[in-house]
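S.K.:
In the working numbering, the protein residues as written are 15 to 146.
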């Protein structure tokens, strides 16, 4: 049995990072090395996100709430140089939002046949959507 957080680390976190990398390069006109520095990841990781080799397991770009949170995080990265604690809290907030909206359910089912994703309310019980 896998916990939703395990699936999120494997699938959601790379997708979120790919969106952040894309925004840093497109909106803020950064090179891969600069984006990597801001995101505190390697330049090769940015290249993998950019080429959609990593971070493609779940498509989050069409979700308005997630996109808005990503934009807020990206802006904070550029303007405020947030602490590690703030970055982790923001990643968790984005993940809770994704989980609360049920966006993780289908991908979770691919990793683990145990959960009944039709009747599971585990992720939807979070209060993430009330804080958007």
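Backbone N, C-alpha and C define an ideal beta-carbon position, used for all residues, glycine too.
Closer than 6 Å by C-beta to residue 32: which residues in its own chain qualify, once you throw out the five before and the five after it? Chain order, please.
M.R.: Here residue 32 corresponds to residue number 18 of the chain shown, with the count starting at 1. Taken in chain order, the residues that qualify are 63 and 69.
S.K.: List, from N- to C-terminal side, the alpha helix (DSSP H) runs of 4 residues or more that fit wholly inside the region 61 to 118.
M.R.: Complete alpha helix (DSSP H) runs here, min 4: 78 to 94 and 98 to 114.
S.K.: Hey, is the region 44 to 53 in contact with the region 102 to 112, meaning 3+ C-beta pairs nearer than 8 Å?
M.R.: The answer is no - the region 102 to 112 does not touch the region 44 to 53, with fewer than three Cβ pairs under 8 Å.
S.K.: In whole angstroms, what is the alpha-carbon distance linking residue 80 and residue 38?
M.R.: For the purposes of this step, residue 80 is identified with residue 66 of the chain shown, where counting begins at 1. For the purposes of this step, residue 38 is identified with residue 24 of the chain shown, where counting begins at 1. Near 16 Å, if we compare the C-alpha coordinates of residue 38 and residue 80.
S.K.: From what residue to what residue does the alpha helix (DSSP H) around residue 164 run?
M.R.: Since the first residue shown for the chain is 15 and the last is 146, residue 164 is missing from the structure and cannot be characterised.
S.K.: Along the alpha helix (DSSP H) that carries residue 53, what are the first and last residues, could you check?
M.R.: Against the chain shown, residue 53 aligns to sequence position 39. Where residue 53 is concerned, the enclosing alpha helix (DSSP H) stretches over 46 to 53.
S.K.: In angstroms with no decimal places, state the Cα-to-Cα distance between residue 28 and residue 82.
M.R.: The count along the chain shown starts at 1 and reaches residue 28 at position 14. The count along the chain shown starts at 1 and reaches residue 82 at position 68. Looking at the two C-alpha atoms, the distance is approximately 17 Å.
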